[in-house]
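**Q**
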Amino acid sequence: MFNKIKKFMFNKIEKLWIVTFILLTVVCYDIVILVFPEKTVFDRISWVFTVAGVLLGVLSPLIFYISSQHHSTEGLKDLLKEVNWDWITNVFEPSVGNAFLPLGMELQPSQVERQEKQMQLSIDKTIYQVFDEEARKSLLILGKPGAGKTTTLLKLLDELIKQAQARTDEKLPPIPVVFKLSRWVKQRGELLGWLASEMPTGFSKELGESWLKDRKILPLLDGLDEVQPADMREQCVAAINEFISTEDTGKTGIVVSCRQKEYDALPIKLKLKNAISLQPLRETQIEEYLKKQGEQLTALQNLLKQDPEMMKLANSPLMLSVMSSTYKDVTEEIKVVSGLAEKQSQLFNGYIKKMFDRKKESALYPQDQVINWLSWLAYQMRKHGYTDFLLENLQPDWLSSPFQLGYRLLVALLTGLLGGLGVWVVLQDASSLVIPVVSGAVVSLAIFASGSESIETLETLRWSWKKCRRELLTWLKKNLPYFLLLGVLMGGLLFVLNGKSWLLGLLVGLLVSLLFGLIYGLLRAGLENKIPDPKDRTVVNQGIISSFKNMVRFGIPIGLIMVGAVMYLTGFWEMTVISLLFWLCASVLVGFLMLGGDVIFYHYILRLCLYLAGHTPLNYVRFLEYADRLILLRKVGGRYMFTHELFLEHFAEKFKTSQPTKLNNEVATDAKNYSEYR
């Protein structure tokens, strides 16, 4: 955020050198006048710039050194502000408010292959003290679901940020940065490059890699258990261990968090210096917390005294917080079901109802409908391995099989209709209807037969010869026959209707479509599309917006050039209104289908199909914003996430149990398959 503003301005060092250079030039000019009074103005100016250039060349190493040091320090300060805004202001503070409960911590050195005995730490010991003293800045945080692992990691982050902000000198300590390990699976491989690519918005990969190598970044790696598929966690641990050994993290520090059960199942351990396991809240802590809330939680206090299972459920910070929100201001006796899992499900349902009751007067949708939509979303997120949701992540395989077929048919028919209509508008002749009908049919057939299995937004485009060599032949084999078929049919028909040789029309159509297909294939195969990380999304549906911008910037101009060249080569270029209209319409259509427009088209057709299938409302953004106001989802930048992973699992189970016949055969391997696909 801060870099976006500052990149348009000069920093203090640059301003100083600009002023210095101007003064230096003026002084040199005065000296030249005194030394060479007989010289002309142009001679004097050339002397001035010669002297100034020599001085600048001599001083440039010093300039660059001072400037780089300044940029590094200023950049690190900006990074500190960005991390504080992203994780403390937007996540940590809203989640804990003024009610952060100190958790019991047990040292477990054996979890990092050390021989020391386990030891219960004092409840007064802070997570920073454990990190600094017990773990010597190399710590593993373990705990059960809802035990407070991420909250504890963010509490440590808060302490580290405050210490860095308190520094009065220019030398900053290593800047703590949170990295979500659930995203590591996309790149795999060595950790350094991945960390550099995961730097917050506004900080390049090159800058991040430089800072990491210079030991100016303290990585806080959250959610080792969220690495999917599960068999990739071992590789992730190996990558972390390699990073620890090669980058000497002892001078900067490193923290990893993971669920206890998932970590215990790993065949290899992290080579950190110590580990802690977060302990359940003690009954005295729970009772003291509830007493501080006053009479508004009296009914909950009575329930916990009478029901040992509910007291056991309340021993995690998440569950205690959910109970407090659910049963706040309840006066009558609280009745609960039997069984721990059933109690948790009942509790979550009660919390969801409470959130709806808060916004009853401003409700936008029926409660049951919202729950159904959220349940479907949670199921798809869990199935496809997402921890946060982007609107542009919607894919055709999120539809059931009949609706997937309907989606492909609709895309094919509408694309063909659009292409045929464009030709008919220009020709405007009843006898020429055969051309748009035939061309539309061929386009529809091509789109349906070669329909893409995914929708990939076009965002940051750059040319890659390596990618072009790797993918061009495959693309041509799959798509060039449709270009040739369309070219031959269109060429033959156009030439016949204009009283020319049909054989010549076939030949011209073949050559033009071959040229057109090769150019289009080169663009599709050679353009490398860099999709930003979800955390870099600052607005909703940013990927689709970027695709539209690329269509306007590149697609339509390329379409104008290509269609104009084809019309000129085939002899159909005339300086008439009809010719110009055809050129413009065809260029826009080609540009729309080539770079970005097709993505927008497919995305909104998919949204329509999801609405018709009953999985989403028509205005999905409005619904997501409403769920955020209900505190069932949390909006961070341009993405949405459930308030906790356990809520995601709760909603996903709701959808699964509501459709047992459809989902009976779907198992966890879906997440594995999708992770490999991504």
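Counting from 627, one number per residue, gives the positions in the sequence shown under my numbering. All C-beta atoms, glycine included, are put in the ideal place defined by N, C-alpha and C. In this text the structure is predicted, and so the values were computed from the model without any measurement.
#1: Can you look up Lys-763 in the DSSP assignment and give me helix, strand or coil?
#2: For Leu-1098, which of Gly-1264, Arg-984, Arg-1150 has the nearest alpha-carbon?
#3: Whose C-alpha, out of Ile-1171, Gln-1030, Gly-1118, is nearest the C-alpha of Ile-1082?
#4: Tell me which residues share the same chain as His-1270 and place their Cβ nearer than 8 Å to its Cβ, disregarding the 5 neighbours each side in the sequence.
#5: I'd like to check one pair, Ala-967 with Gln-735: are the Cβ atoms closer than 8 Å?
#6: Can you give the beta carbon distance from Ala-790 to Ile-801, rounded, assuming they're within the 8 Å contact cut?
#7: Would you say Val-738 and Lys-980 are within 8 Å of each other, going by their C-beta atoms?
#8: Looking only at its chain, what residues have a beta carbon closer than 7 Å to the beta carbon of Asp-784, apart from the 5 residues adjacent to it on each side?
#9: Gly-1264 to Ala-1253, Cα distance in whole Å?
#10: Take the Cβ of Thr-957 as the centre, count every other Cβ of all protein chains shown within 10 Å, and call the residue buried at 16 or more, exposed below.
#11: For Tyr-953, which residues in the same chain have their Cβ closer than 7 Å to its Cβ, ignoring the five residues on either side in sequence?
#12: Just tell me which of Ala-891, Asp-712, Leu-727, Phe-1174 has its CA closest to the CA of Asn-941.
#13: Could you check what DSSP says for Arg-1265 in three-state terms: helix, strand or coil?
#14: Taking Cβ to Cβ, would you say Val-948 is nearer than 8 Å to Tyr-977?
#15: Please report the straight-line C-alpha distance between Asp-857 and His-1010, rounded to a whole angstrom.
#16: Return helix, strand or coil for Pro-735, following the three-state DSSP convention.
#17: Near Gly-1118, what residues of its chain come up, given a Cβ to Cβ distance below 7 Å and the 5 sequence neighbours on each side ignored?
#18: Terminal residues of the continuous beta strand (DSSP E) containing Lys-806?
#19: Provide the residue(s) that pair with Asn-900 in DSSP beta bridges, ordered along the chain.
#20: So, for Asp-874: in the same chain, excluding its five sequence neighbours on each side, which residues have a beta-carbon less than 8 Å away from its beta-carbon?
#21: Looking only at its own chain, which residues have a Cβ that is under 8 Å from the Cβ of Lys-1126, when we skip the five neighbours before and after it?
#22: Between which two residues does the beta strand (DSSP E) harbouring Ser-971 extend?
#23: Among the candidates Lys-1103, Glu-1251, Lys-938, Pro-799, whose CA atom is the shortest distance from the CA of Leu-1140?
#24: Can Val-804 and Val-709 be called in contact, C-beta distance under 8 Å?
#25: Just the C-alpha distance for Gln-695 and Arg-740, rounded to the nearest angstrom, thanks.
#26: If you check the beta carbons only, do Leu-1232 and Leu-1016 fall under 8 Å apart?
#27: Is Leu-1258 closer than 8 Å to Leu-1000 when the C-beta atoms are compared?
#28: Can you give me the start and stop residues for the alpha helix (DSSP H) that Asp-874 sits inside?
#29: Expressed to the nearest angstrom, what Euclidean distance is found between the alpha-carbon atoms of Val-1037 and Ser-1026?
#30: Is the separation between the beta-carbon of Gly-1143 and that of Phe-1109 shorter than 8 Å?
#31: Please classify Phe-829: does DSSP put it in a helix, a strand, or coil?
#32: To which residues does DSSP link Ile-843 through a beta bridge?
#33: Taking 7 Å as the limit between beta carbons, can you name the residues of its chain near Thr-778, skipping five residues before and five after?
#34: For Lys-887, which option in Gly-834, Glu-852, Met-745, Lys-931 has the closest C-alpha, if you only look at C-alpha atoms?
#35: The alpha helix (DSSP H) with Glu-1271 in it runs from where to where?
#36: DSSP puts Met-745 in a beta bridge; with which residues?
**A** The answer reads as follows:
#1: Correct three-state label for Lys-763: coil.
#2: Check the Cα spacing between Leu-1098 and each of Gly-1264, Arg-984, Arg-1150: the tightest is with Arg-1150.
#3: In the sequence as displayed, the identity of residue 1082 is Glu instead of Ile. The residue with the shortest Cα to Cα distance from Glu-1082 is Ile-1171.
#4: Excluding sequence neighbours, His-1270 sits near Gly-772, Leu-944.
#5: Inspection of the sequence shows that residue 735 is occupied by Pro rather than by Gln. Taking 8 Å as the cut-off, the beta carbon of Pro-735 is found no closer than this to the beta carbon of Ala-967.
#6: Right, the Cβ-Cβ distance comes to about 7 Å (below 8 Å), so this counts as a contact.
#7: No, they are not a contact pair.
#8: Hits under 7 Å: Ile-714, Phe-718.
#9: For Gly-1264 and Ala-1253, the distance between alpha carbons rounds to 14 Å.
#10: So Thr-957 counts as exposed.
#11: Closer than 7 Å at the Cβ level, and outside the excluded window around Tyr-953, lie Leu-923, Ala-925, Leu-926, Ile-960.
#12: Ranked by Cα distance from Asn-941, the first of Ala-891, Asp-712, Leu-727, Phe-1174 is Leu-727.
#13: Assigned with DSSP and collapsed to three states, Arg-1265 falls in strand.
#14: Contact: yes.
#15: Taking the Cα positions, Asp-857 is about 16 Å away from His-1010.
#16: Correct three-state label for Pro-735: helix.
#17: Its chain contains Trp-1128, Gly-1131, Leu-1132, Gly-1135 as the residues whose beta carbon lies nearer than 7 Å to that of Gly-1118, once the 5 sequence neighbours on both sides are disregarded; these appear in chain order.
#18: Under the DSSP assignment, Lys-806 falls in the beta strand (DSSP E) whose first and last residues are 801 to 806.
#19: Asn-900 pairs with Leu-765.
#20: Counting only Cβ-Cβ distances below 8 Å, and skipping sequence neighbours, we find Arg-841.
#21: By the criterion of a C-beta distance shorter than 8 Å, Lys-1126 is surrounded by no residue of its chain, once the five residues flanking it on both sides are discounted.
#22: It is not in any beta strand (DSSP E) - Ser-971 instead sits in the alpha helix (DSSP H) that spans 966 to 984.
#23: Of the candidates Lys-1103, Glu-1251, Lys-938, Pro-799, the one whose C-alpha sits nearest the C-alpha of Leu-1140 is Lys-1103.
#24: It is a contact, given that the beta carbons lie within the stated cut-off.
#25: Interpretation of Gln-695 is limited by its pLDDT of 42, a score under 50 that renders its predicted location unreliable; the figure taken from the coordinates is listed afterwards. One C-alpha to the other measures close to 40 Å.
#26: Not in contact: Leu-1232 and Leu-1016 (Cβ atoms no closer than 8 Å).
#27: Yes, Cβ-Cβ distance for Leu-1000 and Leu-1258 is below 8 Å.
#28: Premise fails: Asp-874 is in no alpha helix (DSSP H) and is neither H nor E.
#29: Computed Cα separation, rounded: 16 Å.
#30: Cβ atoms of Gly-1143 and Phe-1109: closer than 8 Å.
#31: Here Phe-829 sits in coil by DSSP.
#32: Ile-843 pairs with Ile-801.
#33: Spatial neighbours of Thr-778 in its own chain (CB-CB distance under 7 Å, excluding positions within 5 residues in sequence) are listed in chain order as Leu-729, Ile-753, Ile-767, Leu-904.
#34: Nearest C-alpha to Lys-887: Glu-852.
#35: In the DSSP annotation of this structure, the continuous segment of the alpha helix (DSSP H) that includes Glu-1271 starts and ends at 1271 to 1284.
#36: Answer is Leu-733, bridged to Met-745.
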